[in-house]
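Working notes, beginning with the structure itself.
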Amino acid sequence: MMSTNPAEQKRPDVWIKTKDSDLYINPLPVRIWHWLNAMGFVVLILTGTFIRYSDRFDLMSFETAIKTHNWVAFAVIANYFVWLGFYLFSDRITVYHPELNFRKFFDKAFKQMMYYGYGIFRGHRSPHKVLPHDKFNPMQSITYQIIMLLVVPVQFITGLMMWDIKRFEVPIAMVGGLNVVVTAHVLIYIFFVAFTMVHAYMGALGATPATHFREMFTGYEEEH
Amino acid sequence: MMVRSTTGGSGAALPVLTVFIACCMVFSGGLFALQTKETPVTEPPVAEPSVTVTPAEEIVVTEKTAEPIAEEVKDPAALRLEETLKINTKCLRCHKRERTKLLEDGTEMPLQVHKDDYLASAHGEVRCTSCHRAIGKRKHPSKSTNITIASQREYSVDLNNSCRKCHMPKYKQYKGSVHSALVAQGSEEAPLCSSCHNPHAPVSMVDYQAETGLPCKNCHENIFNAYSESVHGQARINGNTIRDSHIQAPICSDCHHSHEVTALAIGDVLRTTCIACHENVTLLHNQWLPNTGTHLDIVSCAVCHAPFAKRKFDLHLYDNIAQVPLAMKEGEAPIQDQLQAIADEGIEGDPLEIWKARGGFGQEGQAVDISLRSRMEVMSGVAAHQIASKSFAVRTCESCHEPGWRQKQNVTVSITQPDGRIQSFEANRETLSSVKAIESISDFYALGGKPSKLLDILLLLALAAGIAIPVGHFTLGKMIKEYMARGEK
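In order, the protein sequence lines correspond to chains A and B.
According to the working numbering, the first sequence holds residues 3 to 226 in order.
According to the working numbering, the second sequence holds residues 8 to 496 in order.
See below:
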């Protein structure tokens, strides 16, 4: 269990030099999960695109695309439990709910939107102060919760159903048939195509375009 | 002392003794002579030469001559056999000759029975009248009795039931076959027992078809030719093995059965039949084929293993409650006629859905849950028999999963007929992507088939958003900064 006091955070040795004042925001399990997940998503999107539009690309055989998609999908599912396990069994779960106050939440969310839409261009500081146990701004918090607790599990479940249609014959029938399952899977894939691009762009909105990417490798929120 | 007294004591005794001895000799000689004269009378009547050819007959004759007393306690079965042979001999006196009978339909029916073949066959001990029951002394078809025969087919159909008496198990199997169903429908070509088994010279059917394809080839010549060129047919010709360890390569009856002949294309009957020999098929496919179970369920073996065959999407009406392909019942109008009638009513919507809502083929009061199940099939029965060696089997996923591939395929809708055969009728290729048919074919999907243009448009929008949001945000930032910079100046 880690301390909630930033000052008490023991500084781990890392391969990129950071200042003593930086906060340890992204513990190792989160960083491992994040980058494996990112690579997995990119591969899944690429192979998924090839499976769906194999006549447009000549990158690999259909069989290779399917097998790669399946193996990587299982790795991503396993990786999901690294994320889930870490947040369930550590006090860091508060990054998603620092305090359960909806009025405060919507107020902060509005301020954050104003920041992204205007303040950021004026050189204002983000209204959200990043802390180890209050990492996400309200917009990040709500978006990531919807993604991780609803969208991603639905994608996993529909993918599993398509992986072995016969084995999951009954649940497939219960949710309305194979076409419903496939359509849900493709819709979420389409969402992630857009999300991945926007997420990467927003990752570049730090003090410098590389700041947040570096933070996600070192674990430390750089002082700026 | 006594002799002396006898011979010397009575002078008249000698002539008396001499006369007595002479009388005895005459009497015994007469008896002997009498017995010699009667011998031909006590001999059994010589059996007709034509019947003495069978070992059974020889045994009967031997018993008669050697031990006449045994005739009185003879086995009833032997007596019946003797009687049977006598009756059959009478029939064969005429029917051994090459002759024909003019029938009512103007054709001539051959009447000849090859005597030796018949007597040597399993039916050789069966009375002619056991099968030809209508034939009797006064009932034999002839000019004098004025009994006529309409046609050879009608005569054979009448006689078909005769086989039941001795061959009930096989007869029951036959009655459940597609052949029997066709006969019941009045087919002139569908095979009767006698179409495959010559009743006057029946032989074992084991190994009967391998080289000649008979009797199946009589009606299914194209299919037999396809089979004989296939890996199965070739294996049979080239030593009867198909793999090193092995199993006999199949002939027609191994897959289709010899009496309960069925259409293998129904449901998963074909797959079950193939797996009966290729028992490790699931394991082998599982090594490389994703979704093996589903592929084996919905892709007919021949689709990949007859690589040059034309393929089609077959949409089969399926009873979800009974979990079997939907079969029409006797007397019902064909489904296509029913659907056409609904379409002619001008009601909005998918005719199939309306037909289902009205109860489909279900009995009144019964729940009906019918859907269309899609299967990949080959176009014809001939193609289904063109099974090639494993090395030629299709193993490229793209052959089915390429976008646009679906639009090029033939589409049929099928239903099982009351006789067990499958009736297919062509459907529009657009059926598979028709909005009207979405509910009917909700389970139809092939990866890469790209059935929805709407999803393609959404993907393009997502890509556009993924580019436009960063570019727009970045541009907006620049514009604001420039505007503010100008303001500060």
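The beta-carbon is built from N, C-alpha and C at its ideal position, and this holds for glycine as well.
Query, Result
"Residue burial classification, A/His99 (beta-carbon count within 10 angstroms, cutoff 16)", "exposed"
"Boundaries of the alpha helix (DSSP H) in which A/Val78 is found, first to last residue", "64-90"
"N- and C-terminal bounds of the alpha helix (DSSP H) containing A/Asp109", "104-116"
"Own chain partners of B/Gln159 with C-beta closer than 6 Å, once the 5 adjacent residues on each side are dropped", "Met116"
"Interface flag, A/Asn103 vs chain B, CB-CB below 8 Å", "no"
"Through-space distance from B/Leu166 to B/His207, alpha-carbon basis", "13 Å"
"Chain-ordered chain B contacts of A/Asp93 [CB-CB under 7 Å]", "Per Cβ cutoff of 7 Å: no residues; A/Asp93 is ~34 Å from chain B at best."
"Three-state class that DSSP yields for B/Asn417 in the structure shown", "strand"
"Inter-residue Cα distance where the pair is A/Arg54 and B/Ala469", "16 Å"
"Where B/Lys526 sits in the DSSP three-state scheme", "Absent from the structure is residue 526 of chain B, since the part of chain B shown begins at 8 and ends at 496."
"Cβ of B/Leu466 within 8 Å of any chain A Cβ", "yes"
"Opposing strand residues paired with B/His323 [DSSP bridges]", "B/Arg380, B/Ser421"
"Counted within 10 angstroms of its Cβ, other Cβ atoms place B/Lys485 as buried (16 or more) or exposed", "exposed"
"A/Thr49 vs A/Ala67 beta-carbon contact at 8 Å", "yes"
"DSSP three-state assignment for B/Met116, whether helix, strand or coil", "strand"
"Contact set for B/Pro477: own chain, Cβ-Cβ below 7 Å, skip 5 residues either direction", "none"
"Three-state class that DSSP yields for B/Ala400 in the structure shown", "coil"
"Cutoff 7 Å; reference B/Pro209; Cβ partners in own chain excluding five residues on either side", "Ser128, Ala129, His130"
"Integer Cβ distance of B/Thr289 from B/Leu277, believed to fall under 8 Å", "The Cβ separation is near 15 Å, so there is no contact."
"Contact with chain B by A/Val188, beta-carbon distance below 8 Å", "yes"
"Residues that A/Arg127 contacts on chain B, provided the C-beta gap is smaller than 9 Å", "The premise fails here: A/Arg127 is roughly 16 Å from chain B at the closest Cβ pair, so nothing lies under 9 Å."
"Residue-chain proximity (B/Ala472, chain A), Cβ-Cβ < 8 Å", "yes"
"Chain B within 8 Å of A/Ala196, Cβ atoms only", "yes"
"Contacting positions in the segment 66-89 of chain A - beta carbon closer than 9 Å to chain B", "Ala67, Ile68, Lys69, Asn72"
"First and last residue of the uninterrupted alpha helix (DSSP H) at A/Glu217", "213-220"
"Below-8 Å beta-carbon distance, B/Asp214 vs any chain A residue", "Reliability of the predicted coordinates at B/Asp214 is poor, the pLDDT of 49 falling under 50, and the value obtained from them is presented with this limitation in mind. It does not; no Cβ of chain A falls within 8 Å."
"Short CB-CB distance (under 8 Å) between B/Pro314 and chain A", "no"
"Residues that B/Val385 bridges to, as DSSP identifies them", "B/Arg318"
"Burial state of B/Val310 (16 or more Cβ within 10 Å)", "buried"
"Interface flag, B/His408 vs chain A, CB-CB below 8 Å", "yes"
"Beta-carbon neighbours of A/Arg124, restricted to chain B and to distances below 9 Å", "Ile487, Lys488, Met491"
"Beta carbon of B/Leu109 nearer than 8 Å to that of B/Ser163", "no"
"Spatial distance of B/Ser431 from B/Asn95 (CA atoms)", "50 Å"
"Below-8 Å beta-carbon distance, A/Lys168 vs any chain B residue", "yes"
"The segment 291-318 of chain B: positions lying closer than 7 Å to chain A by Cβ", "Pro297, Asn298, Gly300, Thr301, Asp304"
"Neighbour flag for A/Asp57 against chain B, beta carbons, 8 Å", "yes"
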